[in-house]
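With the first letter of the sequence shown counted as 1, position 310 gets the number 310 in full-length UniProt numbering; the numbers rise by one all the way through.
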Amino acid sequence: MARKSRIKSESVINNEVDQRYKTALYARLSNESNGITDGESMETQVHLLQQFVKEHPDLKYIDTYIDNGFSGTNFHRPEFERLMEDIKRGKIQCIVVKDLSRFARNYIEAGEYIEKILPQYQVRLIAVTDQFDSQKKKQDELVVALKNLINDVYAKDISKKTGSVFRMKQHKGEFIGSYAPYGYQKSEKNKNRLIVDKETAPIVKKIFEWKIAGLSDMQIARNLNMLEIMSPLRYKYEIGMVKNEKYYKMLWKPITISQILKNQIYLGHMVQGKSCKSLYQGKSYRSMSEIEWIIVKNTHEAIIAEDIFGHVSRILNERKQKYFNRIHTQSSVKKEEHLLVGYVYCGDCQHHLTLMRSGDKKFSYWYRCPNYQNNRERGCIMKSIRKEVLEQIVFQIIQIHIRLFLKKEVQQVQVEGCLKNRMDLSRKMVVGCINRIELFEKKRVEIQVSFQDEFLTLNKRTEMGDNGE
Numbered sequence: 001m002a003r004k005s006r007i008k009s010e011s012v013i014n015n016e017v018d019q020r021y022k023t024a025l026y027a028r029l030s031n032e033s034n035g036i037t038d039g040e041s042m043e044t045q046v047h048l049l050q051q052f053v054k055e056h057p058d059l060k061y062i063d064t065y066i067d068n069g070f071s072g073t074n075f076h077r078p079e080f081e082r083l084m085e086d087i088k089r090g091k092i093q094c095i096v097v098k099d100l101s102r103f104a105r106n107y108i109e110a111g112e113y114i115e116k117i118l119p120q121y122q123v124r125l126i127a128v129t130d131q132f133d134s135q136k137k138k139q140d141e142l143v144v145a146l147k148n149l150i151n152d153v154y155a156k157d158i159s160k161k162t163g164s165v166f167r168m169k170q171h172k173g174e175f176i177g178s179y180a181p182y183g184y185q186k187s188e189k190n191k192n193r194l195i196v197d198k199e200t201a202p203i204v205k206k207i208f209e210w211k212i213a214g215l216s217d218m219q220i221a222r223n224l225n226m227l228e229i230m231s232p233l234r235y236k237y238e239i240g241m242v243k244n245e246k247y248y249k250m251l252w253k254p255i256t257i258s259q260i261l262k263n264q265i266y267l268g269h270m271v272q273g274k275s276c277k278s279l280y281q282g283k284s285y286r287s288m289s290e291i292e293w294i295i296v297k298n299t300h301e302a303i304i305a306e307d308i309f310g311h312v313s314r315i316l317n318e319r320k321q322k323y324f325n326r327i328h329t330q331s332s333v334k335k336e337e338h339l340l341v342g343y344v345y346c347g348d349c350q351h352h353l354t355l356m357r358s359g360d361k362k363f364s365y366w367y368r369c370p371n372y373q374n375n376r377e378r379g380c381i382m383k384s385i386r387k388e389v390l391e392q393i394v395f396q397i398i399q400i401h402i403r404l405f406l407k408k409e410v411q412q413v414q415v416e417g418c419l420k421n422r423m424d425l426s427r428k429m430v431v432g433c434i435n436r437i438e439l440f441e442k443k444r445v446e447i448q449v450s451f452q453d454e455f456l457t458l459n460k461r462t463e464m465g466d467n468g469e
């Protein structure tokens, strides 16, 4: 009996392994969990997906992506975005979800991903409880479209009902935010009620004191960073309210100081409804005007007294008026276009570089790192570049790329021209060869005829000679 090749067997096994789909498990849960705690519901989802992958040998588990507390009405979810990045890098070939509503609830966007985007990357989508597999989707295209539409309508209905409940709570003075404002924490007995956070409330008081003492928002932020007092986001990270490690490096910023100094929440008043997002009305996220805010007074313990808050408000209004006066006096200054604003990043801290103007009469513009401007060496390394210099560099780079593109186009035209010339020359050579062949054939015929004539004449002479003898 012939011995089987071990190498060949191993090769077959390796090929079978390579053919398995590199699979991602995706689980999502919105803020409304229908009476089930987030942990239990999410755990159930993930367990279901893990079991499904174990039972299907053509799937190879790679990673799990979980968006807890995110709506399915859009795709702006951190873990979903990470999943898409891994797909683009070729790390994932298959997505497994509990059902299509976990993947998305927006009818149009869900169809876009299922019908166009995922097939473009050759990614398979499996919805376990819906018994949907994009690899076999032809049989269920109408069903999938209907499910997406139903999920979309359901999400809008939930949005309308939830919005009504939230507005009712806001008008009653109940706190509905995910996180308590800095200086407060949610009561353990009633999550819709705020109580003073003894750890951070003194910092809020100090911020107001420094403002009355004449410090700017930037100076206050620098003082807090120098004293190594945790910023609001860093504090949330330290106590486990947020998990992303990027918050560990968050420092105090002037905008954070400004928001604290203006917030009436520190007077003991509940201020909500500053922004709005209505799915069922088709409205995206937008800021509300101050007259539309929902303010209910004396709902919790105040951290700042009325007279101190009023004093700070007057300081802020005076500074605001001075700013507008300065802008008015400079209204004759020619407005300039700033083409690169929002596109320039710091190479060290990855923040957008801020365009700043220097000079009173003769203006010059500089791109500077805001992290350094706000926090000096604690934030980043000092760096700046003149607007004109950066724009000239970018312009030169664009010119280089244009020249490279045109050079490639010219080369393509030249190659095509050269090929055309060669083809024309080849055609001429072919025609010449055909003509020569025809000429040779004509000569051959002539020679053949001449030879035949001469041969006949010779035969006649031979015959005549024979008869004479």
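All C-beta atoms in this analysis are idealised placements derived from N, C-alpha and C, irrespective of residue type, glycine included.
Give the straight-line distance between the Cα atoms of residue i and residue j, rounded to the nearest whole angstrom.
| i | j | result |
| --- | --- | --- |
| Ile-434 | Phe-440 | 10 Å |
| residue 476 | Ile-402 | The requested residue 476 does not occur in the structure, where the chain is confined to residues 1 to 469. |
| Gln-19 | Phe-395 | 47 Å |
| Pro-202 | Met-382 | 32 Å |
| Val-46 | Ala-180 | 29 Å |
| Asp-217 | Pro-254 | 5 Å |
| Ser-289 | Ile-400 | 47 Å |
| Arg-436 | Gly-417 | 28 Å |
| Gln-272 | Lys-186 | 15 Å |
| Phe-405 | Leu-353 | 30 Å |
| Leu-390 | Gly-379 | 23 Å |
| Thr-37 | Glu-115 | Confidence at Thr-37 is low in this model, with a pLDDT of 41, below 50, so its placement is unreliable and the value that follows should be read with caution. Distance between the alpha carbons of Thr-37 and Glu-115: 33 Å. |
| Gly-240 | Glu-199 | 15 Å |
| Gly-177 | Val-296 | 15 Å |
| Phe-175 | Tyr-184 | 11 Å |
| Lys-122 | Ile-95 | According to the sequence as given, residue 122 is Gln; it is not Lys. C-alpha separation (whole angstroms): 11 Å. |
| Leu-355 | Arg-386 | 9 Å |
Helix, strand or coil for residue i per DSSP?
| i | result |
| --- | --- |
| Ser-231 | coil |
| Arg-314 | helix |
| Asn-244 | coil |
| Leu-339 | coil |
| Gln-281 | Below a pLDDT of 50, predicted positions are generally treated as unreliable, and Gln-281, at 46, falls in that range; no measurement from the model is reported. |
| Leu-251 | coil |
| Gln-139 | Residue confidence is low: Gln-139 scores 48 on pLDDT, short of 50, so the model does not pin down where it sits. Its coordinate-derived value is still stated next. Gln-139 falls in the helix class under three-state DSSP. |
| Ala-27 | strand |
| Ile-434 | helix |
| residue 471 | The structure shown does not extend to residue 471, since the chain spans only 1 to 469, so no value can be given for it. |
| Lys-60 | strand |
| Asp-197 | coil |
| Phe-451 | helix |
| Asn-325 | helix |
| Asp-86 | helix |
| Val-344 | coil |
| Lys-22 | strand |
| Phe-132 | strand |
| Tyr-365 | strand |
| Ser-258 | helix |
| Tyr-121 | coil |
Strictly under 9 Å for the Cβ-Cβ distance: is residue i near chain D by that measure?
| i | result |
| --- | --- |
| Lys-191 | Of the chains in the structure shown, none is chain D; there is only one protein chain. |
Identify the continuous beta strand (DSSP E) that holds residue i and give its terminal residues.
| i | result |
| --- | --- |
| Thr-354 | 354-358 |
| Ile-239 | No beta strand (DSSP E) contains Ile-239, which DSSP labels as neither H nor E. |
| Met-226 | Element bounds for Met-226: not the beta strand (DSSP E) but the alpha helix (DSSP H), 217-226. |
| Tyr-184 | 184-186 |
| Leu-125 | 124-127 |
| Gln-272 | 270-272 |
| Ile-176 | No beta strand (DSSP E) holds Ile-176; DSSP gives it neither H nor E. |
| Ile-294 | 294-296 |
Going by the CB atoms, is the gap between residue j and residue i shorter than 9 Å?
| i | j | result |
| --- | --- | --- |
| Leu-251 | Asn-223 | no |
| Ser-71 | Ser-101 | no |
| Lys-211 | Val-97 | no |
| Arg-28 | Phe-103 | yes |
| Ile-87 | Leu-59 | no |
| Asn-325 | Cys-349 | no |
| Tyr-237 | Asn-244 | yes |
| Thr-256 | Ser-231 | yes |
| Leu-25 | Gln-50 | yes |
| Tyr-248 | Ile-303 | no |
| Val-204 | Tyr-182 | yes |
Since residue i is in the alpha helix (DSSP H), which residue starts that stretch and which ends it?
| i | result |
| --- | --- |
| Lys-206 | 201-212 |
| Met-382 | Here Met-382 belongs to no alpha helix (DSSP H), and DSSP marks it neither H nor E. |
| Gln-93 | No alpha helix (DSSP H) holds Gln-93; DSSP gives it neither H nor E. |
| Ser-101 | 100-103 |
If you measure from the CB of residue i, is any heavy atom of the ligand FAD nearer than 8 Å?
| i | result |
| --- | --- |
| Leu-215 | The ligand FAD is absent from the structure shown, which contains no ligands of any kind. |
* In chain order, which continuous runs of the alpha helix (DSSP H) of length 4 or greater are located wholly inside the region 369-431? -> 370-375
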